[in-house]
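Numbering (this note's numbering), first residue to last: 5 to 384.
Beta carbons: idealized from backbone N, C-alpha and C, even for Gly.
Remember, it's a predicted structure, so these values are computed and weren't measured experimentally.
Everything on this sheet refers to the single structure shown next.
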Ligand code: G3I
């Protein structure tokens, strides 16, 4: 079974390559493929990034090949998990910097833009940050002091090295404030304070608000209103991260474009921060990345276990091309486009919102080979 799957994936990659070769008329093609990456295609438009997984930073499995591929193809990196509160600081006074430091070393060695993800989020954070031993919520002043100390410590450690911070992540659910422990314990001004603390800790870093479903009009209105309110008080917020967990079937290019325009018109820089393209049957609103949502496995919802049919590969390539053409059209507003992972095997979309499916959302296959979608972008 495994053999068949590998064969299928490899032959689909060579097909991707030959299709690309046929459609390209340049003379120095061989050297172009060998020496340049997608980062070179987009270098005058925006930085082009990927997320580094815990496994890759830990040196597990094929991580050294993965890191070589990342260095060739990408100009920006985001840690998928290793700057999150629970990973960095599983207990109040016990910090684990190893993987975060490795991330920064790799970025420096390869002269990359580095993104810190994420300082203030409702998820991946121990309950004892918010509650005492009797399970009573700690006072507002205590929570603000903890937030400030955490931001000072993390941002301070990498001051001048990490260029962009996702300061607050996923503060809104639809058009309303998410009733997170941060919100319940401090009030809606937790948002403003997080950005103030980050600005004090590194005044030169680019400070972002990051969320999924950012093309949803209710969310846009709430996000823009909250940011405007902060900016009126002199708080620095440079832009928004549109996570962009997309599906083959939506959202439409028009909808994404309108969102980019709305954020830009509000004076915000736009970063595309967690892009991938789900190809599996939808079970919920495809753009949602609310990790609380889980569904039971069913065979019919996992149709491509032994490989993605060519027609689907082509559809995926076409969708990536359309989306990137839009990003290029608005590259005066967009500073960065980051994929949420490099090869299909490491995507969180294999386990969300159903655990154990075989998904194909990224630009490289399970053997780290470029897919049709990769070559479609290389031609742009
Ligand atoms: O490292 C442990 C491992 O020791 C354990 O054996 C295993 C058992 O399940 O879990 C491993 O941790 C998992 C971790 O990913 C590393 O793979 C966690 O359970 C799992 O919850 C975690 O999921 C991450 C998720 O955020 C929650 O933090 C995904 O990898 C990551 O892609 C995802 O990223 C988020 C962004 O930060 C914010 N936007 C949405 C996006 C998707 O949810």
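{"Check": "Ignore the nearest five residues each way along the sequence and tell me which others in residue 197's own chain have a CB closer than 8 Å to its CB.", "Outcome": "148, 151, 152, 190"}
{"Check": "Kindly indicate which three-state DSSP category residue 278 falls into: helix, strand or coil?", "Outcome": "strand"}
{"Check": "Going by DSSP, name the residue or residues bridged to residue 250.", "Outcome": "281"}
{"Check": "For residue 213, count neighbouring Cβ atoms within 10 angstroms of its own Cβ and tell me buried if that reaches 16, exposed if not.", "Outcome": "buried"}
{"Check": "Report the partner residues of residue 214 according to the DSSP bridge assignment.", "Outcome": "173, 245"}
{"Check": "For my contact list, residue 246 and residue 218 are in at a C-beta cut-off of 8 Å; report their separation, rounded to the angstrom.", "Outcome": "4 Å"}
{"Check": "Quick one: what does DSSP say residue 372 is sitting in, helix, strand or coil?", "Outcome": "coil"}
{"Check": "In the DSSP assignment, find the alpha helix (DSSP H) that holds residue 392 and state where it starts and stops.", "Outcome": "Summary: the structure shown does not reach residue 392, with the chain confined to residues 5 through 384, and so no result is reported for it."}
{"Check": "I'd like to confirm something about residue 97: is its beta-carbon nearer than 7 Å to some heavy atom of ligand 1, or not?", "Outcome": "no"}
{"Check": "Going residue by residue through the region 302 to 375, where are the continuous beta strand (DSSP E) segments of at least 3 residues, counting only ones entirely within it?", "Outcome": "338 to 343"}
{"Check": "Tell me which residue opens and which closes the beta strand (DSSP E) that residue 81 is part of.", "Outcome": "80 to 83"}
{"Check": "Tell me which residue opens and which closes the alpha helix (DSSP H) that residue 52 is part of.", "Outcome": "Where residue 52 is concerned, there is no enclosing alpha helix (DSSP H), although the beta strand (DSSP E) it sits in stretches over 51 to 56."}
{"Check": "Can you check which of these residues, 328, 253, 233, 122, is closest to residue 286 by C-alpha distance?", "Outcome": "253"}
{"Check": "Output the distance between the C-alpha atoms of residue 331 and residue 209, rounded to the nearest integer angstrom.", "Outcome": "23 Å"}
{"Check": "Residue 117 bridges to which residues according to DSSP?", "Outcome": "80"}
{"Check": "Given a cut-off of 8 Å on the beta-carbon distance, is the pair residue 257 and residue 326 in contact?", "Outcome": "yes"}
{"Check": "Have a look at 159, 255, 199 and flag the residue whose alpha-carbon is nearest the alpha-carbon of residue 451.", "Outcome": "Only positions 5 to 384 of the chain appear in the structure, and residue 451 is not among them; the question remains open."}
{"Check": "Measure the C-alpha to C-alpha separation of residue 192 and residue 384 and round it to an integer number of angstroms.", "Outcome": "43 Å"}
{"Check": "Tell me whether the region 101 to 120 and the region 165 to 172 touch, counting them as touching only if at least three CB pairs, one residue from each stretch, are closer than 8 Å.", "Outcome": "yes"}
{"Check": "Would you identify the three-state DSSP class for residue 46, choosing helix, strand or coil?", "Outcome": "coil"}
{"Check": "Whose CA, out of 226, 195, 80, lies closest to the CA of residue 108?", "Outcome": "80"}
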